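Enquirer: Quick one: structure below, then a few questions.
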DNA sequence: TGCCATATTGTAATAATTACAATTATATTA
DNA sequence: TAATATAATTGTAATTATTACAATATGGCA
């Protein structure tokens with residue numbers, strides 16, 4: 001899955017008249033490098049090391065701004081954690097219930113429009129799957145072999 | 150969209166060996182009647198009127214139990230509100246960004262499995278759309294006519 | 001009926017998020 | 001380059017949702 005480059009995002013910000021402040025750039029840059037769908041906490045901890053003056057409020061502010069202008073997407077797959085993702089092409093999110101990792105997968109919801117929603121204006125489409133990822137599945141198998149359950 | 154009857158749910162609970170306590174029945178009954186995908190707060194307020202001894206913690210406990218045994222589904226379409234829904238057939242949720250109402254719509258994600266997830270064990274599938282519902286769209290049109298924008 | 005296991009309650013802790021006023025930084029213009 | 005207006009950032013405090021836990025109450029079965 002192709003992710004946007006940092007430079008292309010900067011141009012987009014400029015074109016929208018958004019100031020390229022130091023902290024904003026840091027948050028944005030982080031999102032173009034960490035594809036693990038980080039939480040606010042993770043972003044804050046990672047950036048706070050090199051920029052000790054960064055506050056968590058600013059991370060919230062920046063993310064909300066980036067979401068508003070459509071550069072970042074909110075992932076509400078779980079009710080106790082909000083995650084963030086650089087906006088890319090149509091893709092769904094799979095969360096492993098065992099290791100907690102979130103995987104992207106391609107899905108096309110546009111080719112066959114929902115008849116029931118003909119007269120609705122659709123702005124966002126999110127697809128969330130949950131289950132067990134292959135890596136955890138094979139670990140479970142190994143455990144079974146070892147303990148001979 | 151067919152919803153399960155209260156009686157069929159009671160049988161399911163019994164078959165799982167879950168006690169049919171007063172409060173549990175009340176919460177469950179409420180969910181079979183209110184299809185607006187209520188929040189914990191809404192359920193608590195509605196039931197607290199007739200059962201003043203009901204605590205919000207009990208509503209949480211009961212909902213978590215019902216989710217665990219698969220009778221109730223969590224809707225995380227928005228990051229600041231968790232909603233609950235009696236489990237039914239495959240359906241997606243559309244949230245109107247103007248009036249906040251959540252609409253169900255039928256969607257079949259099982260007929261064409263995702264190639265990328267061949268080796269994943271999928272337990273849940275959620276589809277969340279956001280946008281403007283027809284009723285709000287027509288209100289916007291009327292406003293435009295009135296103010297001649 | 002009486003007992004035991006479980007459900008419920010209520011308070012308090014935790015955690016996520018937002019509000020807001022004071023301060024600081026930025027970009028622009030002279 | 002310096003002054004200025006505008007916007008960003010900070011930090012604290014408030015708000016809200018959710019969970020933990022111990023004490024109490026209750027339901028179901030012998």
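Residue numbers (the numbering used here), protein chains in the order written: chain A, 1 to 149; chain B, 150 to 298. Glycine is no exception: its CB is placed at the ideal position from the N, C-alpha and C atoms. In this text the structure is predicted, and so the values were computed from the model without any measurement.
Taking C-beta pairs closer than 8 Å, name the residues in chain A that residue 227 of chain B reaches, listed in chain order.
Expert: 76
Enquirer: Looking only at its chain, what residues have a beta carbon closer than 8 Å to the beta carbon of residue 200 of chain B, apart from the 5 residues adjacent to it on each side?
Expert: 171, 172 and 175
Enquirer: Does residue 264 of chain B come out as helix, strand or coil in the three-state DSSP assignment?
Expert: Under the three-state reduction of DSSP, residue 264 of chain B is assigned to helix.
Enquirer: Measure how close the beta-carbons of residue 203 of chain B and residue 196 of chain B come, nearest whole angstrom, since I'm counting them as under 8 Å.
Expert: About 5 Å; that satisfies the 8 Å criterion.
Enquirer: Under 9 Å, Cβ to Cβ, is there at least one residue of chain A near residue 298 of chain B?
Expert: Caution is warranted here: a pLDDT of 35 is assigned to residue 298 of chain B, below 50, making its placement in the model unreliable, and the coordinate value is therefore given only provisionally. Closer than 9 Å: no.
Enquirer: Just to confirm before moving on: does the CB-CB distance between residue 223 of chain B and residue 233 of chain B stay below 9 Å?
Expert: yes
Enquirer: Determine the DSSP secondary structure at residue 202 of chain B, reduced to helix, strand or coil.
Expert: coil
Enquirer: Does residue 133 of chain A get closer than 9 Å to chain B when you measure Cβ to Cβ?
Expert: yes
Enquirer: Using DSSP with H/G/I as helix, E/B as strand and the rest coil, what is residue 256 of chain B?
Expert: Under the three-state reduction of DSSP, residue 256 of chain B is assigned to coil, being neither helix nor strand.
Enquirer: Could you give the distance in angstroms between the alpha-carbon of residue 259 of chain B and the alpha-carbon of residue 103 of chain A?
Expert: 19 Å
Enquirer: What are the boundary residues of the alpha helix (DSSP H) that residue 95 of chain A is part of?
Expert: Where residue 95 of chain A is concerned, there is no enclosing alpha helix (DSSP H), although the beta strand (DSSP E) it sits in stretches over 91-96.
Enquirer: For a test of the three-state rule: what should DSSP assign to residue 35 of chain A, helix, strand or coil?
Expert: coil
Enquirer: Would you identify the three-state DSSP class for residue 24 of chain A, choosing helix, strand or coil?
Expert: helix
Enquirer: Using a C-beta cutoff of 9 Å, does residue 238 of chain B count as contacting chain A?
Expert: no
Enquirer: What do you reckon, are the CB atoms on residue 70 of chain A and residue 97 of chain A nearer than 9 Å?
Expert: no
Enquirer: What did DSSP end up calling residue 237 of chain B once you bin it into helix, strand or coil?
Expert: coil
Enquirer: In chain B, what lies closer than 9 Å to residue 7 of chain A by C-beta?
Expert: Simply none; closest approach about 29 Å.
Enquirer: Against residue 128 of chain A, what residues of chain B qualify as contacts under a CB-to-CB distance less than 9 Å, listed in chain order?
Expert: What residue 128 of chain A touches in chain B: 225, 273, 274, 275, 276 and 277.
Enquirer: How is the beta strand (DSSP E) around residue 225 of chain B delimited, first residue to last?
Expert: 221-227
Enquirer: Which residues in the same chain have their Cβ closer than 8 Å to the Cβ of residue 167 of chain B, if we skip the five residues on either side of it in sequence?
Expert: Contacts found: 173, 214 and 218.
Enquirer: In the DSSP assignment, find the beta strand (DSSP E) that holds residue 278 of chain B and state where it starts and stops.
Expert: 270-281
Enquirer: Determine whether the beta carbon atoms of residue 151 of chain A and residue 228 of chain B lie at a separation below 9 Å.
Expert: Within the shown structure, residues of chain A are numbered from 1 to 149, placing residue 151 of chain A beyond reach of any answer.
Enquirer: On the DSSP letters alone, give me the boundaries of the alpha helix (DSSP H) that residue 14 of chain A sits inside.
Expert: 6-15
Enquirer: Hey, out of A:86, A:92 and A:139, whose CA is closest to residue 276 of chain B's CA?
Expert: A:92
Enquirer: Looking at the C-beta of residue 119 of chain A, does it have a partner C-beta in chain B at a distance below 9 Å?
Expert: yes
Enquirer: Comparing alpha-carbon positions, which option in B:256, B:169 and B:193 lies nearest residue 117 of chain A?
Expert: B:256
Enquirer: Can you find a C-beta in chain B that's less than 9 Å from the C-beta of residue 97 of chain A?
Expert: yes
Enquirer: Could you tell me the alpha carbon to alpha carbon distance between residue 160 of chain B and residue 100 of chain A, rounded to whole angstroms?
Expert: 34 Å
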